[in-house]
Amino acid sequence: MKTINHHHLSVCLTSSVLLISSCTHTSKEDSQIANDSIIEEEALVTPLSEININGTWESKDNPFYPALEFKGKSTVVIKSIMGPYPSSYERDEEFIRVHTDKSDLLFEIVSEDSIVGSGFAKGTWVKL
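Using my numbering, read the sequence shown as starting at 1 and increasing by one per residue.
See the structure below:
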């Protein structure tokens, strides 16, 4: 039977512990770099209340209002099953209230390229 040299075993164990701890240790600089990259990613996300809605939005799941075209600060062309007609809209943070002759349509901005309607405007519109 082979005898174990305790000094050799001690050196091997110490070396292993140092190797493992050096691989898992992160410096303050590493942590700061990771935090900075997270902050930069968050800065790239536009707040919903600041998203530019001008342009054409199309819905595949709302037959009454298949398209909306927002123009300027308060004009919208509603493309309905009866044909297109101009109207106005108001914006309140991430909500858009489109005025029609019967009632208002309410939409919520959920991303830079997606709005969701409720009521008669129930459905999802994507920006073209």
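Quick reminder that beta carbons are idealized off the backbone N, C-alpha and C, glycines included.
Use the C-beta contact count for residue i: other C-beta atoms within 10 angstroms, 16 or more gives buried, fewer gives exposed.
i, result
"glycine 83", "exposed"
"isoleucine 163", "No answer is possible for residue 163: it lies beyond the span of the chain, which begins at 1 and ends at 128."
"glycine 52", "Contrary to the premise, residue 52 reads as asparagine rather than glycine in this sequence. That one is exposed."
"valine 45", "exposed"
Closest to residue i by CA distance: which of the options is it?
i, options, result
"lysine 127", "Lys71, Ile81, Glu112 and Val45", "Glu112"
"valine 77", "Asn54, Phe95 and Leu48", "Asn54"
"lysine 73", "Pro63, Val98 and Asn62", "Val98"
Taking Cβ positions, are residue i and residue j nearer each other than 8 Å?
i, j, result
"glycine 123", "serine 80", "no"
"alanine 67", "threonine 56", "yes"
"phenylalanine 70", "tyrosine 89", "yes"
"lysine 87", "threonine 100", "Residue identity differs from the one stated: residue 87 is serine in this sequence, not lysine. A contact, by the Cβ cut-off of 8 Å."
"leucine 105", "phenylalanine 120", "yes"
Using DSSP's beta-bridge definition, name the partner residues of residue i.
i, result
"leucine 105", "Val98"
"isoleucine 53", "None, per the DSSP bridge assignment."
"tyrosine 89", "Val98"
"threonine 124", "Val116"
"valine 77", "Glu69 and Pro86"
Would you say the beta carbon of residue i is closer than 7 Å to some non-hydrogen atom of the ligand FAD?
i, result
"isoleucine 53", "For the ligand FAD, the structure offers nothing, since it holds no ligand at all."
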